[in-house]
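Since the structure comes first, as structure tokens, the remarks are kept for the end.
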Amino acid sequence: MQATFQGNVEEVTHELVGLVANEITSDWNQFTDPAQCLAALRQGSPRQAVEYADLALKRYKMQCPNAHTKAKALYRKGAALIAWEQPELAVATLQQAVQLSDGSLSISAALQEALQRVSSGWLAEHWSTLIEDAEKPAALSRRDGRLLRRIPAPANLDRSQLANALQRALASHQDLQSHAGKLLATAGGKKPGRGPVTLMRGFAYLAAGNAEQAVKDARTAQAYGPAADGQSSWPEAWALLARGLERQEDYTAAGLAAAQAQRLAGSSQEFQEDVERIMRRMPTGHADALEEGGVEGLSRQLAVEKEEAKPEFLKKRPKYYYYYRWMKERITEHCQELPAPVMDKLLTMDAGELDLLLQHETAIKSKAQHLEEVLQDEGAKFLETYPVPMLTWEEVKALKGPGLVGLGAPGGAPIGASDVPSRTNMLQGIPDNDFEVLEDRSGARLIEAKTDYEDLEAIE
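Under numbering that gives the first Met the number 0, read the sequence shown as residues 0 to 459, first letter to last.
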């Protein structure tokens, strides 16, 4: 029985060794072709390196390796295609590798390098295909596209027209060709989003002469592109907007957009040329504001001009603006060149008393002179809290004449709120300094003495 058990153990051990040997051989075959691909690439034989990579990929289709292993083989093939000067084929290969590797930095860098080497014609064809696919009728609404709003005929361009227009745009703007490749590399092997596709369509329509559509696409790209502090931070979208507005002869807005693109891009000779070209066509005042204050300076000036152009009833004014302006004009008629603290103090006086003073030149001049003396003796800080003496009853009678109806306070004290009896005491029947407030039909408040002696005389 013991001999039988030992025989079974030896048989099982032999089977396990065979399985391990087969697995090692399989792994060796998986890594032989990529290693040979790398060796051929280092020896300067990119074509042979591509063949080794293809052999590895064919074997992987049968053996179903993990995604990392397949991505590595695709990366080797893409690098070999770049060395073989086949960047268009390398782009398709490396896009698959990026998807399998979940965004490997080395594979992404190789994809970006391949995209920088492709021709403008290939880029134009590729982007025109993406735009056409984004404009295809959506499943739920055929009027709208899958990703972009469709442009109605006859303004819309078909795929060949888009490709030709894009090729002209890429050929005339070197920065745009580089950026178009970066957008594809950033997508990581997937289709670009709404922002990039809209941007490239805008450049195509601008090259085709449709500035209006280019401006619309530029604003849409800004809405769906990168942003910071609630504003678009995409230099290329600002540049597209600037060139579209320039075609529409809106030079001030175009200059502002071009300056924004230049500021965001940092150092771009092409964007700087846009700013200089547009500034030569801008109004002199706007060009000077842009040159001296940059984007902020021109924005402030445009905001001021917009506010001034509004109708008077729409302008933003502080509280009592029109009252103060009217009173300043009336004060200036009698007292020219008053110090600002004195003018402010006069405006804070009681409206009725100030109006009475302004009706008599001597009175307003006397009051202004008194406040100027306080300003000279005590300073502006003291004048801010200085209680302006109110007119006495005798002074009021002197200003208004002997026909004034009413009696002044005892001793010629100023007439103010403290001299008027409280309405609560009047309602409760409590005498308040033997004075009563009466109102005539016009609403004027008069002070009338009320004593028992006067009541008796009135009865008699």
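The C-beta atom is built at its ideal place from N, Cα and C for all residues, glycine as well.
These figures come from a predicted structure and were not determined experimentally.
Next on the checklist: Taking the alpha-carbon of L297 as reference, which of A210, R329, A256, L313 has the nearest alpha-carbon?
Outcome noted: A256
### Message
So for A379, helix, strand or coil by DSSP?
### Response
helix
Notebook entry, point to check: Would you call the segment 88-97 and the segment 181-195 in contact, with 3 or more CB pairs under 8 Å?
Noted result: yes
### Query
Do Q259 and F270 come within 7 Å of each other at the CB atom, strictly closer than that value?
no
Minimum length 4: unbroken alpha helix (DSSP H) runs contained in the segment 295-369:
320-333, 339-346, 350-357
*asked:* Short of 7 Å in beta carbon distance, which residues of its chain neighbour K314, apart from the five on each side in sequence? Order them along the chain.
replied: E306
- Item | Integer-rounded CB distance, given that Q166 should sit under 8 Å from A123 | 4 Å
Counting Cβ pairs closer than 8 Å, one from the segment 189-196 and one from the segment 223-241, do we hit at least three? yes
Exposed unless 16 or more other CB atoms sit within 10 angstroms - verdict on F381
exposed
(request) For N209, count neighbouring Cβ atoms within 10 angstroms of its own Cβ and tell me buried if that reaches 16, exposed if not. (result) buried
Spatial neighbours of H125 in its chain, beta-carbon cut-off 6 Å, leaving aside the 5 residues before and after: none
| Taking only runs of the alpha helix (DSSP H) that begin and end inside the segment 131-199, which ones reach a length of at least 4 residues, in chain order? | 158-171, 173-185
Problem set entry | Cβ-based neighbour list, N21, same chain, cut-off 8 Å, excluding 5 preceding and 5 following | Annotation note: pLDDT 40 at N21 (below 50); position unreliable, no value reported.
* **Supposed contact pair G77 and E96 - C-beta distance, whole angstroms, cut 8 Å** => Checking the displayed sequence, the identity of residue 96 turns out to be Ala instead of Glu. Confirmed, Cβ separation roughly 6 Å.
* Determine the contact status of Y250 and R280, defining contact as a CB-CB distance below 7 Å. => yes
Grouping DSSP H, G and I as helix and E and B as strand, with all else coil, what is Q271? helix
- Could you give the DSSP three-state label for A207: helix, strand or coil? coil
### Message
For K190 and L129, what's the separation of their Cα atoms in angstroms?
### Response
8 Å
Secondary structure of Q111, DSSP reduced to three states = helix
Buried or exposed (CB count within 10 angstroms, at least 16 for buried), S171 | exposed
Check: Does the distance from the C-beta atom of A133 to that of L146 stay below 7 Å?
Finding: yes
**L370 to T361 span [Cα, whole Å]** = 14 Å
Item to check | Classification of P234 by the beta-carbon crowding that lies within 10 angstroms, buried from 16 upward | outcome: buried
Report task. Use the C-beta contact count for P151: other C-beta atoms within 10 angstroms, 16 or more gives buried, fewer gives exposed. Result -> exposed
_Integer Cβ distance of A203 from A168, believed to fall under 8 Å_ = 6 Å
> L99 and A66: beta carbons closer than 7 Å?
Replying inline: yes
- Task: Determine the burial state of G351: buried for a count of at least 16 other Cβ atoms within 10 Å of its Cβ, exposed for fewer.
- Result: exposed
Relative to the C-alpha of L398, which candidate in R246, L263, D354 has its C-alpha closest? D354
* To do: Mind listing, in chain order, the continuous alpha helix (DSSP H) runs of no fewer than 4 residues lying wholly within the segment 210-261?
  => 210-223, 234-246
Checklist entry - How would you label L104, buried or exposed, when you count the other beta carbons within 10 angstroms and need 16 or more for buried? => result exposed
query = So, using beta-carbon positions, are A79 and V49 closer together than 7 Å?
reply = yes
(Q) Please classify Q375 as buried or exposed, where buried requires at least 16 neighbouring CB atoms within 10 angstroms. (A) exposed
Below 8 Å on the Cβ atoms is my guess for A236 versus E245; work out the distance and round it to an integer in Å.
Their Cβ separation, rounded to whole angstroms, is 15 Å, which puts A236 and E245 out of contact at 8 Å.
Original post:
Can you tell me whether A85 is buried or exposed, with buried defined as 16 or more other CB within 10 angstroms of its CB?
Top reply: It should be pointed out that residue 85 corresponds to Gln in this sequence rather than to Ala. With 16 or more other Cβ atoms within 10 Å, it is buried.
*Under 6 Å Cβ to Cβ from R158, same chain only, skipping five residues before and after it: list those, please.*
S127, E131
### Query
How about L357 and R329: do their beta carbons lie closer than 7 Å?
yes
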